[in-house]
Amino acid sequence: MQRFFRSTAIAGALILAAPPALAQEAPVPAMSAPDVYPDFDAFAPAANPSPNRIDYSIWDEAMSYLVFRMGKSLRQTPGRPDPGIGTRRMFGHDSRYRLEGNRIMFSFLDAEVIETFTEYREDLENVGTELDIATLSRNEQLAYWMNLHNVAIVEQIAKAWPKRRPMDIEVGGVPMDQAKFITVKGVAMSPKDIRTQIVYQHWKNPKVIYGFWRGDIGGPSIQAEAFNAENVGRLLDKSANEFVNSLRGTQKRDDRLQVSQIYVEAGPYYFADWPADIRAHIAAYAEDDVQELLQKTGPVEASVYEADIADLAGGRREPVYSNITSGGRAVSFRVPQGMARLLSEHSTKVQRAIRAGRTGTVTFENITLPGETGEAATNEVE
Numbered sequence: 003m004q005r006f007f008r009s010t011a012i013a014g015a016l017i018l019a020a021p022p023a024l025a026q027e028a029p030v031p032a033m034s035a036p037d038v039y040p041d042f043d044a045f046a047p048a049a050n051p052s053p054n055r056i057d058y059s060i061w062d063e064a065m066s067y068l069v070f071r072m073g074k075s076l077r078q079t080p081g082r083p084d085p086g087i088g089t090r091r092m093f094g095h096d097s098r099y100r101l102e103g104n105r106i107m108f109s110f111l112d113a114e115v116i117e118t119f120t121e122y123r124e125d126l127e128n129v130g131t132e133l134d135i136a137t138l139s140r141n142e143q144l145a146y147w148m149n150l151h152n153v154a155i156v157e158q159i160a161k162a163w164p165k166r167r168p169m170d171i172e173v174g175g176v177p178m179d180q181a182k183f184i185t186v187k188g189v190a191m192s193p194k195d196i197r198t199q200i201v202y203q204h205w206k207n208p209k210v211i212y213g214f215w216r217g218d219i220g221g222p223s224i225q226a227e228a229f230n231a232e233n234v235g236r237l238l239d240k241s242a243n244e245f246v247n248s249l250r251g252t253q254k255r256d257d258r259l260q261v262s263q264i265y266v267e268a269g270p271y272y273f274a275d276w277p278a279d280i281r282a283h284i285a286a287y288a289e290d291d292v293q294e295l296l297q298k299t300g301p302v303e304a305s306v307y308e309a310d311i312a313d314l315a316g317g318r319r320e321p322v323y324s325n326i327t328s329g330g331r332a333v334s335f336r337v338p339q340g341m342a343r344l345l346s347e348h349s350t351k352v353q354r355a356i357r358a359g360r361t362g363t364v365t366f367e368n369i370t371l372p373g374e375t376g377e378a379a380t381n382e383v384e
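Heads up, the sequence shown is in the working numbering, so the first residue is 3 and it goes up one at a time.
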């Protein structure tokens, strides 16, 4: 596998969240005032931003190798997969959500590549310190915090792999999401701190929720490109649309709308008037199927989550390998049977999407239409 990173100079700049400790069931989240810690005051966006920019092209290249795109949800639950040939043991993914959410190919990484993740995370920490991240434009800051958060999660999962659930990973004896292994401007912080103490505190648009990858299938999907000041708004809208319209984002049970547990953590910042605020947020991104769910449901409960790792192998090393096929012909590349099964199911999903005409999007960036104001006119995430 190609070596992805090498340390780079600060001037050239650089640039990937662990799952929160989620309850198994949270029908009505308690929306108390969020905690605020003064250590993070230094990261409040400055009033007069500087024109400095950060280049994340290295992370773009890495993502082109590491991310396997699963495509949009068809809102169809796949059947339970069969065990591998000659065994009753089940390897690979068996979750009902296994065909949703992009994946990182952790099982293909070696020690040298994994070490470059640590080097890159440390480089990003230095960039945020020496540039004084709070003095950049709001979009530049937002892209930085999301990239740093996600790179740190990729790093820690890669170091701990194989692991079935990212929420079981610890750093220094502390759950990864709460472990303060990231340092910017002398402030030690955890992935959760980046989300709740910096971004959720200073950005009022709830679509920022979808920029943070948590390492598992249940959270927002990881993007196949780095965030930057120009694309951060577009990528967040793309991720929000995919998540809200997926089974791991919204479901119906009896007369209840079931939503993801990620909204519990974000609730005090964006959904204090539960359920009205969360319904309005979902409606803003909902396509026809989910709009129908909104019309047919009353109470809202945050009870949906899948903690399985968002990789291709299911967080396990499998002893049996299979050839995979391309265009009906066997190819020499060998993968574990569970991974081969997932890739086959993904291929079937893609064919269904094509037949249903549910593929492809057209994106326009940096275009201001007549009458647009605020975020739509400035391309800045508020």
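C-beta: ideal position from N, C-alpha, C; glycine also.
In chain order, what residues of the same chain lie with their CB nearer than 8 Å to the CB of residue i, ignoring the 5 residues before and after it?
i	result
residue 165	159, 171, 311 and 317
residue 234	141, 144, 145, 148, 213 and 383
residue 187	44, 45, 130, 131, 134 and 135
residue 42	189, 191, 195, 199, 200 and 203
Return the chain-ordered list of same chain residues with a C-beta closer than 7 Å to the C-beta of residue i, the five sequence neighbours on each side being excluded.
i	result
residue 226	65, 66, 69, 71 and 104
residue 288	246, 247 and 296
residue 204	46 and 47
residue 52	137 and 138
residue 253	260 and 306
residue 96	82 and 83
Would you tell me roughly how many angstroms separate the C-alpha atoms of residue i and residue j, rounded to the nearest one?
i	j	result
residue 195	residue 180	8 Å
residue 256	residue 302	11 Å
residue 281	residue 221	18 Å
residue 274	residue 33	6 Å
residue 168	residue 117	19 Å
residue 61	residue 120	13 Å
residue 286	residue 259	16 Å
residue 50	residue 206	19 Å
residue 35	residue 271	8 Å
residue 110	residue 232	31 Å
residue 163	residue 219	15 Å
residue 250	residue 190	32 Å
residue 83	residue 229	35 Å
residue 341	residue 315	5 Å
residue 299	residue 178	36 Å
residue 339	residue 112	21 Å
residue 242	residue 129	28 Å
residue 124	residue 202	23 Å
residue 79	residue 115	35 Å
residue 337	residue 349	16 Å
residue 293	residue 175	43 Å
residue 157	residue 122	9 Å
residue 39	residue 277	28 Å
residue 98	residue 244	17 Å
residue 358	residue 240	20 Å
residue 217	residue 54	30 Å
residue 161	residue 63	20 Å
What residues in its chain sit with their C-beta under 6 Å from that of residue i, if we drop five residues either side in the sequence?
i	result
residue 45	136 and 200
residue 192	180, 181 and 182
residue 279	273
On the premise that residue j lies in contact with residue i, defined as a C-beta separation below 8 Å, what is that separation, rounded to the nearest angstrom?
i	j	result
residue 309	residue 262	About 12 Å separates the two Cβ atoms, so there is no contact after all.
residue 413	residue 215	The chain is shown only over 3 to 384; residue 413 falls outside these bounds and no answer can be derived.
residue 198	residue 267	7 Å
residue 344	residue 94	6 Å
residue 313	residue 107	7 Å
Given a cut-off of 8 Å on the beta-carbon distance, is the pair residue i and residue j in contact?
i	j	result
residue 355	residue 133	no
residue 150	residue 184	yes
residue 347	residue 101	yes
residue 73	residue 352	yes
residue 264	residue 152	no
residue 210	residue 237	no
Give the DSSP bridge partners of residue i, in chain order.
i	result
residue 106	69 and 313
residue 341	None, per the DSSP bridge assignment.
residue 238	None; residue 238 has no bridge partner.
residue 218	311
residue 184	191
residue 252	261
residue 177	172
residue 117	In the DSSP output, where bridge partners are listed per residue, residue 117 has none listed.
residue 382	Residue 382 is not bridged to any residue.
residue 303	260
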